[in-house]
Structure formats: C-alpha cells, structure tokens
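Take the sequence shown: its letters are residues -27 to -1, 1 to 427, numbered as in mature numbering (1 follows the signal peptide of the UniProt record, and there is no 0). The structure appears right after this line, and notes come after that.
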Amino acid sequence: MRIHCKVVVIAVCFGVFLLLYFWGGNAADDPLLKEVGEEPPRQQEEKKKKKEEVVEEESSNSSPSPSELRRDVAAKFAGKSSAGVGVRPEEPRKERRGVNAKSKPRSNVARPVIKRSRAEEFMHLAVVACGNRLDETLTMVKSALLFSIKKIKFHIFAEDPLAPQFEERLNQWPRDISAKFQFSIYPISFSVGNADEWKKLFKPCAAQRLFLPVILKDVDSLLYVDTDVLFLRPMDDIWSLLKSFNKTQLAAMAPEHEVPKIGWYSRFARHPFYGVTGVNSGVMLMNLTRIRSTLFKNSMIPSGLSWEDLLHPLYQKYKNHITWGDQDLLNIIFHYNPECLFIFPCQWNYRPDHCMYGSNCKGAEEEGVSILHGNRGVYHDDKQPAFKVVYDAIRDFPFEDNMFQSLFYPIQTKFLDTVNTLCGRIPQVFLKQIEKTMRKVFEDKVVRHVRPHK
C-alpha cells in the first residue's frame, strides 16, 4: 500500500512538473515566434522599395509621358523634403529643356549654314555692252564660267537692241553650264546729269560703270570688267581679294602702268590721278556697300560728298581736261581718297602695254596671266596676235569638249606663229596660268570621279 501511494505521489509530481514545463516553455517561446512572424513583412517592404527604385530608374531612362513625369518627380521630391533635403522643383524642367535644347541647336545651327551658303553661292560680275560688243561680251562670260568654282550672277547692262540677243544666246547654252550662273539684263541709265552726255563719254556706255553702286542697291560686292576681258583662272581667286581689304578700302584696281617713264598719266594727264602711274578701271573689284556709305573728299567743297552726289559736279569740273572718260574720273576720286583703294598686281589686268614695250609685268612672268585685257582692239586685228589667239580659242571652244584637246593645245600650237611678235616672244606668260587652271579643272572633274570608292 505504501509502495502504491509512493508511486501515485511520484506520478502526480511528474505530471505537475510536465505541466509547469510546457506552460513555461510556451511563454518563453512567444517573442521568438513574434519576431519570426514579423520578418516576412519587413522583407516584403524592402522588396517593394527596391522594386519602386527600379521602376523609377527605368522610368527616368525611358521617355514617360508628361503626366507620369510630373507624378514621379513630385513623389521623389516629396520624399526628399520629408527627409530634410531642400526641394528643387525646377530641376525636372531643366532636364526637359535640355532635351529640347538638343534639338533646337540642330535647327539653329543649320539655318545659318544655309543662309551663308546662299549668300556665298553667287559671285557678282557686271559688264556694260553697247554697239557691236555682243560676241565679245559672251566670250568674256564664257571664260568666267569655264574655270570658276562658285556660281556667278551676271549683271549685263546693254542697249535695247542687244538685250534680247543676250537673252537668246545665253539660254541656248548647255544645261550643265546654265546651272552655274544666273543673269539679269538692265537698260543703260544714268541717275544724274545729262544721259546723252554720259553715254558719249570716252566709249559708248562706258560711264555706266560709275553708276553701279547707285543702281545695284541690293548687291553688296561686285566685280566689274570691260567686255574685252578674258578669265584665265577662276573668278573665285580675284573675288577672294575682297577679304584682303582693310577697314577703309572699298575698291581694287591694277596700276595703269608699271614703268612711270612710259606711263600715260605720268606724262600727259592734265588732272589729278592716283599714285605715280594712275589706275586702269577695266577690271574693278568693288564693295558697293562701303561705296554707298562713304563720304568722299574732293577739291570742290570742304565737306565730303556721297558717291552719287560727287559724280556730276566732278565731271562738270574736269570734262575739258579728261581723255579716258570714266577712268579719269575714278583716278581723280582716288587721288583725293587714296586710303579707299586696294591695288592688285598687273597679272590681274594684263594688257598689251605690259608686253609691247618689253615685258614689264613681273607678276605675270612668275605666275602667268590671270585676267587678259585685250584693249586697243587687239582681239579683232593682227597687231598683237598673241592676244587674238587666246580670244579665238575661247570663243570657238565647245562647252562639251575636252579642255586640253580643244582649248589648251590649239592655243599652244597657234602661239608658235606669234613668237616673232612683241608679245608672242614670252609665251609662258600667256600659257602658264591657263595650263595650271585647266589641270586643276581636269583633276577635279575627272580624277576625282574615276578614283575607286573605299
């Protein structure tokens, strides 16, 4: 009995111990269970934050709509402001302007380039033709187009009977040549004084060149040439001399003579003239804008006169003392305004005077003739056949033919017949520059096109 009682007591005690053990164990395990139960929500929140950051990065790299961008930006900056960071609401706008700024510079840069190309696309050349100068003028125009690189706008001042002939002949030229130029034909007109008197000054219509700054008001710069001029190199080269003008220079011409003791002005002039030998106006490069805005010093009134206001009183004062008409008036003007004139070398206005008394143009001897000026009518007689050879070759050259075969070789061959003449004794002066020019044209047009593509 005692043993059974002891067993029952031990069993009861063990049961109580177990109850106490399980009750105390569950109470001790509750915090751990709570902590384990709370970890998944924290991880989910971190994952959500990471996902939101990834979405924000992707949205910033992509091109969201304006409404989405505003919402994302507002959310970001709201978060930054709550964290104590200063709010900068203008930053997203700057970024958007930056995107637009990338496109705007493209358009803003492109427009000036187009404008410059349009402004520089054409060189301007003026010529005055009266009487029987139609063929001579067309040959001059042809020589300018054969070698020039940029397009040319021709301003042709012609008597009424010649105007339709110019238009008809120029419109008959090949299409690839017509694409290189434009032309306008103007009537002979003089804005001041007696028109008939101006027209008869020296040669028919020659005084028209004095009025070019007044008539061509929309033209900034211009090259004027006489009808008996031939280009033996690109017009671009003399056109580039405009960049050599200083702040006061507004026109450029070549000296009338290289040797004062045989110069006409230095020996016979009865009026003021430029420099030691005067200047020749057969090739005249002009900045018309500067001419129109300048007041020219003169011997008539103390104050300066504009170009247009100066011409007629100047003519009235010196008309009984001038021999070469408008050229003499230009010499008088630049005698009193020498700072306005740029002098270019004689090879840019090479005339019979440079070889008929012996070779006296060193620039032509070294580089060859750049512009040939056949004054004294040498293209149409046999007094200086060297000039006539060049003129005939250019006049008869078909545009579609090879320049070396149909232009240079005929000049070279026919020059052999002129070696016993005053100017024919120095063939290299006539041939050096034109050969160099043709070689350059050949390389640009032929060699470049046959070169294999890489």
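Beta carbons are placed, not taken as given, at the ideal position from N, Cα and C, and that holds for glycine.
Between residue i and the rest of its own chain, which residues show a CB-CB distance below 7 Å, the 5 nearest in sequence each way excluded?
i      : result
Val414 : Phe120 and Met376
Phe381 : Ile407, Glu408 and Met411
Glu281 : Ser164, Val165 and Val187
Gly336 : Pro318, Cys319 and Gln320
Glu312 : Thr221
Thr200 : Val100, Ala102, Arg106, Glu109, Thr110 and Met113
Arg398 : Val392
Glu373 : Pro147
Lys115 : Ile367
Lys290 : Met273
Phe218 : Asn260 and Phe315
Which partner residues of residue i appear in the DSSP bridge assignment?
i      : result
Met411 : Its beta-bridge partners do not exist; DSSP assigns none.
Tyr352 : DSSP lists no partner for Tyr352.
Leu195 : Met259
Gly331 : Met329
Ala131 : Ala102 and Pro160
Tyr323 : Leu345
Phe95  : Lys124
Ile316 : Met226
Gln155 : Lys126
Leu278 : Phe269
What does a CB cutoff of less than 6 Å around residue i pick up in its chain, not counting 5 residues either side in sequence?
i        : result
Glu41    : Its pLDDT being 47, under 50, Glu41 is placed unreliably in this model, and the value from its coordinates should be taken loosely. So the list is empty, once near-sequence residues are dropped.
Gly(-13) : none
Ile122   : Pro207 and Asp209
His128   : Ala99 and Ser157
Pro383   : Ala366
How close, in whole Å, do the beta carbons of residue i and residue j come, if the pair is a contact with beta carbons under 8 Å?
i           : j      : result
Leu110      : Tyr364 : Checking the sequence shown, residue 110 turns out to be Thr, not Leu. Not a contact, Cβ separation roughly 12 Å.
Glu340      : Lys234 : Not a contact, Cβ separation roughly 25 Å.
Phe130      : Gln181 : 5 Å
Phe317      : Leu214 : 6 Å
Gly236      : Thr221 : Gly236 to Thr221, Cβ: 25 Å. No contact.
His285      : Val165 : 4 Å
Val402      : Val342 : 6 Å
residue 432 : Phe184 : The shown model of the chain, from -27 to 427, leaves out residue 432, and the question about it has no answer.
Gln300      : Ser254 : 4 Å
Leu258      : Ile211 : 6 Å
Val232      : Asn333 : 5 Å
Leu118      : Phe154 : 6 Å
Residues in the same chain with beta-carbon distance under 8 Å from residue i, minus the five sequence neighbours each way, listed in chain order, please.
i           : result
Gly298      : Leu174, Phe175, Lys176, Ala179 and Ala180
Arg142      : Leu107 and Leu111
Asp355      : Lys361
Tyr309      : Pro245, Phe269, Lys270, Asn271 and Ser272
Asn34       : Per-residue confidence for Asn34 stands at a pLDDT of 48, beneath the threshold of 50, marking its modelled position as unreliable; the derived number appears in the next sentence. So the list is empty, once near-sequence residues are dropped.
Ala329      : A quick correction: the sequence has Met, not Ala, at residue 329. For Met329, where only same-chain residues beyond five positions count, the Cβ hits under 8 Å are Gln357, Leu395 and Cys396.
Pro371      : Ser379
residue 428 : Outside the modelled stretch of the chain, which goes from -27 to 427, sits residue 428, for which no answer is possible.
Asp133      : Pro160
Comparing the CB of residue i with every heavy atom of the ligand MN, is any distance shorter than 7 Å?
i      : result
Ala227 : This structure lacks the ligand MN; in fact it carries no ligand of any kind.
Can you find a C-beta in chain B that's less than 8 Å from the C-beta of residue i?
i      : result
Ala242 : Going by chain labels, chain B is absent from the structure shown, which holds only one protein chain.
Inter-stretch contact (C-beta, 8 Å, three-pair minimum) for the stretch 355 to 364 and the stretch 376 to 395 = Result yes; three or more Cβ-Cβ pairs closer than 8 Å.
Can you find at least 3 beta carbon pairs, one from the stretch 188 to 208 and one from the stretch 250 to 262, that sit closer than 8 Å?
-> Taking 8 Å as the limit for Cβ pairs, the verdict is that the stretch 250 to 262 does touch the stretch 188 to 208.
Does the pairing of the stretch 219 to 231 with the stretch 316 to 328 give three or more beta-carbon distances under 8 Å?
-> Judged by pairs of C-beta atoms under 8 Å, the stretch 219 to 231 touches the stretch 316 to 328, as three or more such pairs exist.
The stretch 265 to 281 touching the stretch 144 to 159, judged by at least three CB pairs closer than 8 Å = Between the stretch 265 to 281 and the stretch 144 to 159 there are fewer than three C-beta pairs closer than 8 Å, too few to call the two in contact.
Please go through the stretch 198 to 271 and give each complete beta strand (DSSP E) segment of 3 or more residues, from N-terminal end onward.
-> Complete beta strand (DSSP E) runs here, min 3: 202 to 204, 224 to 228 and 252 to 260.
Segment contact, 8 Å Cβ cut-off, at least three pairs: the stretch 198 to 207 with the stretch 291 to 309 = The stretch 198 to 207 and the stretch 291 to 309 do not touch, with fewer than 3 CB-CB distances between them shorter than 8 Å.
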